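Residue numbers (this note's numbering): 233 to 695. First comes the structure, then the notes that go with it.
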Amino acid sequence: MLNERGKSQHSPINVAVVGHTNAGKTSLIRTLLRDDQFGKVDDAAGTTRCVEKSVIFADEEQVINLFDTPGFEDSSALLQTLDGLSKTVQVRLPADLLSAFITRADDFPDFSQETKVLRQSLNSDVLLYMIDVREPLLGKYRDEVEILSKAGKPILPVFNFIAGNDEALKRWREQMAQFNLHSALEFDTVAFDFEAEKRLYQKLQSLLEQHYDSLQSLIDYRQEVWNKLIHAAARRIFQLLTEVACYRREVEDKSSISSADVAAMQDFVRNAEQQALQDLLTIFAFTQLDIELQQLPVHDGKWTLDIFSPHMLKAFGLNAGATALTGAATGAGIDLMVGGMSLGAATVLGAVIGAGLATARRYQQELKAVLRGHRWLCVDDDTVRLLYLRQRRLLRTLTKRGHAANNSLRLSGESEHSLPNDWNKRITILRQNPQWQHVSSGDAEYQKLQAQVVNWLISDEKS
Ligand SMILES: Nc1nc2c(ncn2[C@@H]2O[C@H](COP(=O)(O)OP(=O)(O)OP(=O)(O)O)[C@@H](O)[C@H]2O)c(=O)[nH]1
Ligand SMILES: [Mg+2]
233 MLNERGKSQH SPINVAVVGH TNAGKTSLIR TLLRDDQFGK VDDAAGTTRC VEKSVIFADE
293 EQVINLFDTP GFEDSSALLQ TLDGLSKTVQ VRLPADLLSA FITRADDFPD FSQETKVLRQ
353 SLNSDVLLYM IDVREPLLGK YRDEVEILSK AGKPILPVFN FIAGNDEALK RWREQMAQFN
413 LHSALEFDTV AFDFEAEKRL YQKLQSLLEQ HYDSLQSLID YRQEVWNKLI HAAARRIFQL
473 LTEVACYRRE VEDKSSISSA DVAAMQDFVR NAEQQALQDL LTIFAFTQLD IELQQLPVHD
533 GKWTLDIFSP HMLKAFGLNA GATALTGAAT GAGIDLMVGG MSLGAATVLG AVIGAGLATA
593 RRYQQELKAV LRGHRWLCVD DDTVRLLYLR QRRLLRTLTK RGHAANNSLR LSGESEHSLP
653 NDWNKRITIL RQNPQWQHVS SGDAEYQKLQ AQVVNWLISD EKS
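Dropping the structure here:
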């Protein structure tokens with residue numbers, strides 16, 4: 233079927249998320265929708281009381297209707313009731329028995345929740361059967377599978393709470409195989425990343441061949457969106473580095489810098505980092521619950537460890553240098569131009585004149601300050617490095633690459649603290665262009681540098 237824009241259109245796939253109460257059904261749907269407002273999630277049993285529909289789109293195409301359902305509570309009693317019913321009504325197929333039960337729902341008020349699940353199961357194309365693998369393999373779960381099998385729909389077991397529960401997971405896999413359910417998905421909110429999501433859609437592809445193409449367009453679409461998110465996040469990190477590396481504060485040229493000047497610089501850096509953190513959390517729609525699950529050192533939307541704390545240097549494997557305690561350095565603009573030395577005003581002027589008009593223009597502000605007998609306060613190298621390392625770790629966590637369960641995915645041989653090879657060279661270019669702090673520059677050199685830094689961060693993500 234074609235829609236008015238000439239794109240092929242398929243009817244959406246109806247997917248019911250079913251299972252024992254508290255297995256994490258609503259949580260799975262929230263993760264798939266990237267919507268922490270969907271439904272109600274709670275530690276208590278019987279949280280979801282009604283069937284609730286949501287939709288997964290690929291661009292504008294409605295690919296999946298996802299149905300959250302109440303959890304099974306007493307499946308053994310339900311199975312007995314169904315067995316009893318099968319003796320009184322004539323049915324051709326097991327699904328007809330479920331239909332007969334639903335028609336007589338008023339006679340079974342104790343199973344009002346289960347009736348909703350069964351009705352939705354009959355109306356769906358596939359059932360995602362959520363399992364909390366920490367639960368012992370009790371008869372009630374066998375009964376649940378037996379009841380659900382009567383709907384005659386493909387069932388995909390989804391193992392939840394798998395982190396650190398390898399043995400239990402193995403037992404559950406064996407158990408499901410007894411029911412001929414050999415294909416299953418491993419899910420854990422804590423370690424759920426794009427790859428896990430892709431595997432879910434791929435499993436659905438193999439169960440529902442007639443929907444193969446629309447599921448493929450969903451996978452492709454989600455991949456594209458994911459790549460865009462990672463790029464946007466990497467560009468945001470580059471913006472932070474630019475703001476901080478290009479920071480300049482004019483100070484009097486006396487032997488010690490005033491604590492007020494240092495404090496102003498530190499506040500600037502804290503604010504800049506704070507805003508970047510907020511933006512990155514927003515880009516990946518990270519919620520407070522995600523922050524807790526991922527054990528991000530963030531409280532009330534702020535880093536728990538201050539960027540200027542001496543512990544930061546240690547945490548990221550850097551040695552505390554002389555300037556480490558304040559994060560301040562002076563004179564960088566001019567000094568970098570003339571080879572990193574602190575020079576007097578006359579020498580600086582000589583150097584600038586020698587270097588030509590373009591250079592003089594670029595360093596206009598610094599030159600004026602030097603002539604006034606002032607210096608420039610900048611952010612020191614260690615602080616810029618720390619910012620990069622902390623943001624890189626954040627990006628990995630946001631893309632679920634930083635979690636312990638996924639450590640094996642880390643770049644082999646790469647230390648979490650190591651900086652890219654040509655780090656110093658690139659950051660020097662940033663420092664030499666203080667004008668980039670205020671304008672988001674269309675400058676070719678700026679674009680080139682941005683592409684380079686984004687590439688550092690992205691290639692980490694892809695590897
Ligand atoms: N650590 C961890 N907690 C989870 C995960 N999935 C769900 N939870 C927690 O488990 C509890 C139950 O989750 P729900 O999504 O409400 O479970 P449900 O199956 O929808 O429950 P009912 O609606 O009552 O049937 C909540 O406290 C969730 O935060 C997971 O993968 N890891
Ligand atoms: Mg629920």
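Even for Gly, the Cβ is constructed at its ideal location relative to N, Cα and C. In this text the structure is predicted, and so the values were computed from the model without any measurement.
DSSP links H531 through a beta bridge to K534. Under the Cβ criterion (8 Å, minimum of three pairs), the region 468-485 counts as touching the region 507-515. Counting along the chain, K285 sits inside the beta strand (DSSP E) bounded by residues 284-290. In this structure, the beta-carbon distance from E305 to E346 falls below 9 Å. Relative to ligand 2, even the nearest heavy atom lies 8 Å or more away from the CB of T263. Taking a cut-off of 8 Å for Cβ pairs, the region 273-283 and the region 328-340 do not touch, as fewer than three such pairs fall below it. By the criterion of a C-beta distance shorter than 7 Å, S307 is surrounded in its chain by K372, D375, E376, I379, once the five residues flanking it on both sides are discounted. Residues L417 of the same chain have their beta carbon placed closer than 7 Å to that of L432, with the five preceding and five following residues left out of the count.
Looking at the DSSP output, Y361 shares a beta bridge with V250, P389. Residue A517 holds the alpha-carbon nearest to the alpha-carbon of Q269 among L621, A517, S356. Shortest Cα-Cα distance from W668 to any of Y479, P341, C282 involves Y479.
In this chain, the beta strand (DSSP E) harbouring E482 covers 481-484.
Cβ contact annotation for Q352 (same chain, cutoff 6 Å, sequence separation greater than five): A248, V283, F299, T301, in chain order.
Pairing I515 with A464 gives a Cβ-Cβ distance under 9 Å. The Cβ atoms of L662 and L621 do not sit closer than 9 Å to each other. Where Q294 is concerned, the enclosing beta strand (DSSP E) starts and stops at 293-300. Judged by their CB atoms, V611 and G559 are nearer to each other than the 9 Å cut-off. K546: member of the alpha helix (DSSP H) spanning 542-547, first to last residue. Here DSSP, grouped into helix, strand and coil, assigns V611 to strand.
For the pair L689 and L512, the CB atoms are not nearer than the 9 Å cut-off. Here the region 244-262 makes contact with the region 354-362; the two share three or more CB pairs at distances below 8 Å. A337 and A383 have their C-alpha atoms spaced approximately 16 Å apart.
Within the model, the alpha-carbon separation for V501 versus M544 is close to 14 Å. Contact between V616 and A466 is ruled out by a C-beta separation of about 16 Å, above the 8 Å threshold. A distance below 6 Å between beta-carbons, with the five flanking residues on each side excluded, links D420 to the following residues of its chain, in chain order: I394, A395. Per DSSP, reduced to three states, the secondary structure at I394 is coil, with no helix or strand assignment.
DSSP, read as helix, strand or coil, puts I539 in coil. Remark: the C-beta of D300 is in contact range of ligand 2, defined as less than 8 Å to any heavy atom. Around the beta-carbon of T629, 16 or more other beta-carbon atoms lie within 10 Å, marking it buried.
In the displayed model, F304 falls within a strand according to three-state DSSP.
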